[in-house]
Amino acid sequence: MNANTRITISCTDRVGLVSDISGRLFDIGTNLGPTSFALDQGRAIFVTTCELPDTCPITECEAALCELPMEQAEIAVEAIYPAPLLNHAPGATHIIECSGIDQPGLIARLSEIFIEYSANIVQLAASATDEKDARIYTTRFAVAIPTDRASTCLATLANTAGSMRLLFKFEEL
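Throughout, this note's numbering is defined as the position within the sequence shown, counted from one, plus 11.
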């Protein structure tokens, strides 16, 4: 699933609330991803990251949810976007991509390597998607690497990515 929408609903709790919300989302063709529900000081909080079908724009989703019997409801339906592809970035010499199972400190570990080789990050884009039973995190760096240090910098990145079980690829601009 490639999530494209985040829905947050806060309202007065009642019996059947989760069933009504999830049923309505099912009716409009939504594919739910990570979803949570909790009571917080008498308020029900329902949050999901999901995939809305192309046939249901955000405004239509929000309108469908507003039709549900919910008291004091605050409904937020917002688009979320994957990281841009970074096909080009002015000033960059390389586009570097690492992807794999999400883990703490991933960007920190990779970006530390650039310091060692006097490489400057020109642009960064990261996104997470849910695939099968894992959260896949993709990080794209547009980097200006000094010519005389590029091969060793890229080799170090490849080794580090490999030790973190990440797929590594780069493109020279």
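For every residue, glycine included, the Cβ atom is placed at its ideal position computed from N, Cα and C.
Predicted, not measured: the structure shown is a model, and the values here were computed from it.
Residue i, DSSP secondary structure in three states
i, result
"residue 12", "Since pLDDT at residue 12 reaches only 49, below the 50 mark, its modelled position is unreliable, and the value read off the structure follows with that caveat. Looking at residue 12 - three-state DSSP - the assignment turns out to be coil, as it is neither helix nor strand."
"residue 46", "strand"
"residue 4", "This structure gives no information on residue 4, because the portion of the chain shown stretches from 12 to 184."
"residue 176", "coil"
"residue 159", "helix"
"residue 198", "Outside the modelled stretch of the chain, which goes from 12 to 184, sits residue 198, for which no answer is possible."
"residue 165", "helix"
"residue 66", "coil"
"residue 171", "helix"
"residue 183", "strand"
"residue 142", "strand"
Candidates the options, of which the one nearest residue i by Cα
i, options, result
"residue 33", "72, 51 and 154", "72"
"residue 62", "48, 39 and 77", "39"
"residue 149", "176, 87 and 170", "176"
"residue 60", "88, 167 and 21", "88"
"residue 195", "160, 74, 121 and 28", "Since the first and last residues shown for the chain are 12 and 184, residue 195 lies out of range."
"residue 41", "184, 181 and 69", "69"
"residue 143", "45, 49, 136 and 37", "45"
"residue 153", "119, 58, 100 and 137", "100"
"residue 19", "65, 67, 90 and 25", "90"
"residue 26", "81, 156 and 112", "81"
"residue 126", "112, 157 and 111", "157"
Environment of residue i [buried if 16+ CB atoms lie within 10 Å]
i, result
"residue 108", "buried"
"residue 117", "buried"
"residue 57", "buried"
"residue 16", "buried"
"residue 121", "buried"
"residue 168", "buried"
"residue 119", "exposed"
Distance between beta carbons of residue j and residue i, contact taken as under 8 Å
i, j, result
"residue 146", "residue 106", "Not really, about 23 Å apart at Cβ, beyond 8 Å."
"residue 14", "residue 140", "7 Å"
"residue 191", "residue 23", "No answer is possible for residue 191: it lies beyond the span of the chain, which begins at 12 and ends at 184."
"residue 134", "residue 97", "6 Å"
Start-to-end residues for the alpha helix (DSSP H) that takes in residue i
i, result
"residue 120", "117-127"
"residue 77", "69-77"
"residue 32", "28-38"
Endpoints, beta strand (DSSP E) assigned at residue i
i, result
"residue 54", "54-62"
"residue 106", "105-112"
"residue 86", "85-90"
The ligand ATP heavy atom lying under 8 Å from the CB of residue i
i, result
"residue 103", "Here there are no bound small molecules, and the ligand ATP is not part of this structure."
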